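**Student:** In order, the protein sequences belong to chains V, W and Y. Counting from 8, one number per residue, gives the positions in the first sequence under this note's numbering. Counting from 5, one number per residue, gives the positions in the second sequence under this note's numbering. Counting from 20, one number per residue, gives the positions in the third sequence under this note's numbering. Backbone N, C-alpha and C fix where the C-beta goes; we use that ideal spot for every residue, glycine too. Keep in mind the model is a prediction, meaning the values are calculated, not measured.
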Amino acid sequence: MDLSAINPVLLVASLMVAATPLLLASIGELVVEKSGVLNLGVEGMMITGAISGFAVAVETGSPTLGFVAAAAGGALLSLLFALLTQVALANQVASGLSLTLFGLGLSALMGQGYVGVKPPPTPKLDIPVLTDLPVVGRILFGHDLMLYVGVAIVALVWAVLKFTRAGLILRAVGENHHAAHALGYKVVRIRTLAILFGGACAGLGGAYISLVRVPQWTEGMTAGVGWIALALVVFASWKPWRVLLGAYLFGGITVLQLNLQAAGVAIPVEYLAMSPYIVTILVLVILSADKSSAPASLGRTFHASH
Amino acid sequence: MIVIEKRPQPSQLWSVATPIVAVVATMIVGGLLFAALGKNPVEAIATIFWEPLFGEYAFYYRPQLLVKGAPLVLIAIGLSLGFRAGIWNIGAEGQYIVGALTGAGVGLAFYPLEAWYVFPLMVMAGALGGWAWAMIPAILKVRFGTNEILVSLMLVYVAEQLLASMSLGLLKNPEGFGFPGSRNLQSYPSGHNAELIEGTGMHWGVVAAFVAVIFAYVLLNRHMLGYQIRLTGEAPRAARFAGVRPARLILFCLGLSGALAGLAGLFEVSGPSGQVSIDFNVGYGFTAIIVAFLGRLHPVGILLAGGLMALTYIGGEIAQGNLGLPAAAIQVFQGMLLFFLLAFDLLTNYRIRFAGKEVA
Amino acid sequence: MKFTKLLATAALGLGLATAAVAQDKTKVGFVYVGPVGDGGWTYEHNEGRLAVEEHFGDKVETVFVESVPEGPDAERVMTQMALGGADLIFTTSFGYMDPTINVAKKFPDVKFEHATGYKRADNVSTYSARFYEGRAVQGLIAGHMTESNIVGYIGSYPIPEVIRGINSAFIHARKVNPDVQFKIVWAYTWFDPAKEADAANVLIEQGADVILQHTDSTAPQAAAQAAGDVITFGQASDMAEYAPKPRVSSIIDNWAPYYIDRVQAVMDGTWESQDVWHGIGEGMVGIGEITDAVPADVKQAALDLKDSIASGEYHPFTGPIKKQDGSDWLAEGETADDGTLAGMNFYVEGIEGDIPQ
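The following block contains the structure:
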């Protein structure tokens with residue numbers, strides 16, 4: 008055993024990278040759930056974003072265009088979910104699960120020509136002086152741009168939800184769609200926009216895996232991150248900054264357990280891999296004392312009957 | 005302008021017609037997809053829907069439909085009762101795994117003892133395992149008001165890790181040369197859930213699925229508890245006035261769905277699958293949620309929906325083998341089918357009117 | 020119900036008959052555990068299938084079903100192929116072992132080839148590759164190349180196949196570099212690119228400058244490339260897109276010669292059940308080109324080792340070798356028997372840490 012082999016600075020820096028796909032997908036889903044919609048199709052939207060972004064980045068040679076395409080691809084797929092749940096009033100749980108099935112298949116079809124191809128590299132930020140600072144330089148200024156975009160989106164969502172009228176309306180729709188409707192807000196339109204935003208974020212998260220973190224395309228490469236994102240939103244009790252914290256914690260547990268293994272600490276891997284989920288359940292239990300946290304209309308179908 | 009109006013009563017006609025319309029729509033759009041992939045669309049569709057039922061080798065595929073559909077129906081029946089009452093267990097996959105682990109664990113503990121009581125004990129252990137796993141979200145909901153959707157979902161991942169740990173450790177076959185996976189229960193007569201009549205696909209799990217359908221039908225239509233379940237789902241406030249105790253209902257619905265999922269896991273692990281392995285679970289618990297909704301949460305509907313899902317799985321495999329369709333195309337096709345079924349369901353509960361200016 | 024059974028048995032017999040009366044074309048089925056687009060394990064088996072098609076042209080027809088879960092689904096897919104008239108079926112995952120045996124019982128005239136298993140029958144062969152021979156070559160290069168004397172190893176699951184590879188690589192790294200240490204990380208997955216990338220990064224951060232992987236994605240290669248001065252080896256497929264550095268060589272699963280051979284045997288009527296464990300010599304384990312990032316003398320040593328293994332002159336597990344706990348395993352000049360290798364569940368002396376149980 009040699010714990011001194013673990014370099015805390017590098018540990019933090021790499022857990023930030025590990026957490027970013029999760030962060031992007033979760034913050035999108037948070038907005039969706041705040042509007043009162045439960046979309047279980049995150050995994051499907053992520054993988055669709057992963058291949059859309061990968062294909063476009065390879066064809067154009069530009070990772071930036073790739074990320075734009077990933078957001079578009081994720082949003083397009085989520086539009087299907089919006090049509091089903093908001094227009095055809097279908098059950099959200101079943102629609103979300105179907106969306107994942109569909110997305111996994113669709114992405115595999117789209118990606119048939121892209122196995123074994125190397126995408127253009129996404130450049131890392133390299134600010135003279137700042138990046139070279141001891142400790143904080145590597146952690147704060149040494150990443151690729153998308154990582155900062157992820158954090159920026161969290162800040163943006165937080166600010167919009169807390170300070171703007173749009174955020175207030177979104178929350179009103181999520182708390183009580185009938186009351187919001189009575190006040191004259193377009194419930195269906197607002198929810199559709201939220202779903203599209205969620206899809207775009209999930210797509211970005213997927214592309215972060217296929218373009219930055221791995222980077223390659225293989226079928227099913229998101230390997231369940233979308234499901235963890237769902238857990239994370241609850242873990243964060245629908246609060247944006249806690250999503251950031253939670254994503255770093257979830258990502259951190261994976262990186263930490265690998266670090267401990269490499270340092271020769273005998274740990275039961277399976278039990279450590281369970282721990283994020285058990286922690287989430289505990290958090291849920293603690294949170295349930297506070298009834299205000301979950302959007303009251305979450306998962307309910309809305310139809311304006313008058 | 006198009007207006008969607010809620011029907012006072014769900015339309016009988018449309019509730020029968022929508023699944024047919026949806027399947028036809030899927031055939032058309034799916035056919036276009038197959039054509040785009042360079043395959044003969046008519047042949048592909050026929051392979052998926054016709055071949056397993058009436059093709060040359062239907063004698064083999066028809067029993068396989070039972071094997072593939074039974075766990076889906078068994079789990080979906082349990083889930084549907086809760087869904088009707090607004091109790092959302094989406095962690096059936098986890099309960100399925102734990103039921104398989106406890107059931108197989110009991111069987112393997114008795115190995116190599118041959119006795120009549122081994123299999124019944126395994127069945128009880130399987131049901132108990134699934135029940136206990138579902139009791140976690142149930143008790144947390146009753147005691148603390150914790151959201152059962154998320155707790156049951158989280159427990160799926162815990163169960164998956166448990167499965168990996170068991171396959172590599174405690175339940176590993178001591179004669180398996182160090183490879184992961186348990187002994188094969190198919191070669192342990194007392195613990196084997198064999199076909200009751202050879203070549204029919206009928207094993208105890210299939211019997212259990214049919215019994216569950218009948219049981220759920222009777223419960224919902226003839227029993228006080230079934231009435232309470234329906235009332236709670238449709239009018240929660242009224243239900244409370246009518247003396248429904250929500251806590252009891254939650255414990256019952258989650259417990260029953262967990263026990264049925266656990267049974268499905270046990271019947272699968274001791275029969276068609278035979279052994280506990282890292283990848284033992286193949287998503288029945290999640291697919292069953294879709295089956296429950298496709299079946300409109302009605303026992304007979306679920307039976308039909310389970311059959312339809314099984315058909316697309318088996319037909320899809322045949323299409324892969326015979327026509328060289330990629331597995332992904334089959335997945336997309338299944339996704340489409342589900343979308344259309346869910347979307348057209350609108351017509352059952354709502355009326356679409358092309359409203360003119362006369363709207364007051 | 021009796022009648023149904025009769026019907027079923029009769030019809031099964033009929034199915035056999037049609038299968039047995041082989042058409043002019045030999046029909047070969049492949050059952051895959053992953054998608055053909057996984058770029059690793061299944062991808063290479065599919066390359067083998069394509070090679071069969073190319074080699075035999077019109078004389079052969081191949082069918083495959085991908086992403087088949089291990090268990091009853093696999094059994095159904097195999098039965099479907101047998102009913103459809105397949106003469107030979109390759110089942111390409113360890114978890115297909117019992118299903119293959121079950122289906123083979125029902126179709127005595129169809130030949131089955133199961134990869135990496137240990138259960139055989141009159142119409143079931145098993146085949147596997149001695150990947151540990153390739154690991155020996157990697158170990159030698161790794162031992163020479165490492166400057167930090169830390170070699171990182173990404174394992175999938177702690178099973179004999181993987182442990183064998185670790186031991187083989189370690190023995191040969193130690194031979195050329197007595198100070199070398201292995202850091203082993205278990206990913207507990209065969210395929211999760213993101214986790215593999217994390218594992219590679221962790222190892223690099225802890226000082227490893229050589230990464231060996233027993234998982235199938237190129238994620239560790241990309242991580243090594245980003246880190247800079249780290250070398251890696253391709254796994255399952257050549258991963259030549261990362262050459263000449265970080266990827267300095269590779270182990271390639273080359274199933275094509277074996278598949279062609281067995282299809283030919285079925286055509287000639289000479290097919291017999293066998294247990295095959297082929298290595299570099301037979302061409303089942305390929306060593307990808309050693310790039311110029313490796314100094315010429317090291318490259319030469321690696322090629323010499325490869326040749327001596329290929330010719331059968333040298334066995335990678337040749338004594339004296341002790342087990343991790345210091346007890347004797349192989350005496351001077353003694354070589355390991357296949358039985359011990361197949362079930363290997365211990366580390367050799369010098370490796371630190373325990374195999375997770």
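1. Using the C-alpha atoms, what's the distance from I58 of chain V back to A214 of chain V?
2. Against chain Y, which members of the region 259-270 of chain V pass a CB distance test of less than 7 Å?
3. If you check the beta carbons only, do V286 of chain W and A309 of chain W fall under 8 Å apart?
4. Can you pull the chain W residues whose beta carbon is under 9 Å from the beta carbon of A361 of chain Y, in chain order?
5. Would you tell me roughly how many angstroms separate the C-alpha atoms of V24 of chain V and G305 of chain Y, rounded to the nearest one?
6. Quick one: complete beta strand (DSSP E) runs, 3+ long, within the region 174-219 of chain V?
7. Could you check whether the Cβ of S169 of chain W sits closer than 8 Å to any Cβ belonging to chain V?
8. So, with DSSP's three-state summary, where would you put E132 of chain Y?
9. Skipping 5 residues on each side, what residues in its chain have a beta carbon closer than 6 Å to that of A131 of chain W?
10. Label I293 of chain V either buried or exposed according to how many other C-beta atoms from any shown protein chain fall within 10 Å of its C-beta, with 16 as the threshold for buried.
11. Less than 7 Å between C-beta atoms, sequence neighbours within five positions excluded: which residues of the same chain meet that for V143 of chain Y?
12. Would you mind giving the Cβ-Cβ distance between A219 of chain Y and A238 of chain Y, rounded to the nearest angstrom? I have them listed as a contact below 8 Å.
13. Nearest CA to the CA of L270 of chain W: which residue from W:P116, W:M206 and W:M128?
14. Interface residues of chain Y around L17 of chain V at Cβ under 7 Å?
15. Give the interface partners of A115 of chain V over in chain Y, defined as CB-CB distance under 7 Å, in chain order.
16. Taking the alpha helix (DSSP H) that G182 of chain W falls in, what are its first and last residues?
17. Taking C-alpha atoms, which residue in W:F290, W:V336, W:T22 and W:D349 lies nearest to A96 of chain W?
18. Can you tell me the Cα-Cα spacing of Y192 of chain W and A238 of chain V, whole angstroms?
19. Candidates Y:A255, Y:A192 and Y:P127: which alpha carbon is nearest A161 of chain Y's?
20. Here's a check: name, in chain order, each residue in its chain whose Cβ is nearer than 7 Å to the Cβ of E72 of chain Y, leaving out the five neighbours to either side.
21. Just how far apart, CA to CA, sit S156 of chain W and V167 of chain V?
22. Expressed to the nearest angstrom, what Euclidean distance is found between the alpha-carbon atoms of I322 of chain W and F219 of chain W?
23. Is there contact between the region 177-187 of chain Y and the region 325-332 of chain Y, where contact requires at least three CB pairs shorter than 8 Å?
24. Locate the alpha helix (DSSP H) running through K318 of chain Y, then write down its first and last residues.
25. Going along chain Y in order, which residues have a C-beta closer than 7 Å to the C-beta of V28 of chain W?
26. Listed from N- to C-terminal order along the chain, which residues in the region 283-311 of chain W have their beta-carbon within a distance smaller than 7 Å of any beta-carbon of chain V?
27. Determine the direct distance from the alpha carbon of M53 of chain V to that of A32 of chain V, and round the result to whole angstroms.
28. Can you tell which of Y:D316, Y:F113, Y:N186 and Y:K125 has the C-alpha that lies nearest to the C-alpha of F365 of chain Y?
29. In the region 64-88 of chain V, which residues sit with their C-beta less than 9 Å from some C-beta in chain W, listed in chain order?
30. Using a 10 Å radius around the Cβ and a threshold of 16 neighbouring Cβ atoms, would you call M100 of chain Y buried or exposed?
31. What does Q254 of chain Y pair with, by DSSP beta-bridge criteria?
32. Determine, using beta-carbon pairs with one atom in the region 34-44 of chain V and one in the region 223-230 of chain V, whether at least three such pairs fall under 8 Å.
33. Identify each residue in the region 89-105 of chain Y for which the Cβ-Cβ distance to at least one residue of chain W is less than 8 Å, and report them in chain order.
34. Using the Cα positions of G320 of chain W and L36 of chain W, report the straight-line distance between them to the nearest angstrom.
35. The alpha helix (DSSP H) that contains I172 of chain Y, what's its start and end?
36. Report the rounded CA-to-CA distance for Y100 of chain W versus V71 of chain W, giving the unit in angstroms.
**Tutor:** For this structure:
1. 7 Å
2. T261, V262, L265, N266, Q268, A269 and A270
3. no
4. F181 and G182
5. If you take the alpha carbons of V24 of chain V and G305 of chain Y, they lie about 35 Å apart.
6. none
7. yes
8. The answer is strand: DSSP assigns E132 of chain Y an E or B state.
9. A263, G266 and L267
10. exposed
11. T119, I120, A123, F131, H133 and S292
12. Indeed, because the Cβ distance is near 7 Å, the residues count as touching under 8 Å.
13. W:M128
14. E224
15. P54 and G56
16. For G182 of chain W, no alpha helix (DSSP H) run applies, since DSSP gives it neither H nor E.
17. A96 of chain W has its Cα closest to that of W:F290, out of W:F290, W:V336, W:T22 and W:D349.
18. Straight-line spacing of the CA atoms in Y192 of chain W and A238 of chain V works out to 40 Å.
19. Y:A192
20. V79 and T81
21. 32 Å
22. Rounded to whole angstroms, I322 of chain W to F219 of chain W spans 34 Å at the Cα level.
23. Under the Cβ criterion (8 Å, minimum of three pairs), the region 177-187 of chain Y does not count as touching the region 325-332 of chain Y.
24. Counting along the chain, the alpha helix (DSSP H) containing K318 of chain Y begins and ends at A315 to A329.
25. Residues of chain Y passing the Cβ test: none, with the nearest at roughly 27 Å.
26. F290, I293, I294 and F297
27. 7 Å
28. Y:N186
29. L87
30. buried
31. Answer is Y:I270, bridged to Q254 of chain Y.
32. no
33. E89, G90, P91, D92, E94, R95, V96, T98, Q99, M100, L102 and G103
34. 16 Å
35. Rather than Ile, the amino acid found at residue 172 of chain Y in this sequence is Tyr. Note, Y172 of chain Y: premise wrong, no alpha helix (DSSP H); beta strand (DSSP E) at I169 to G174.
36. 16 Å
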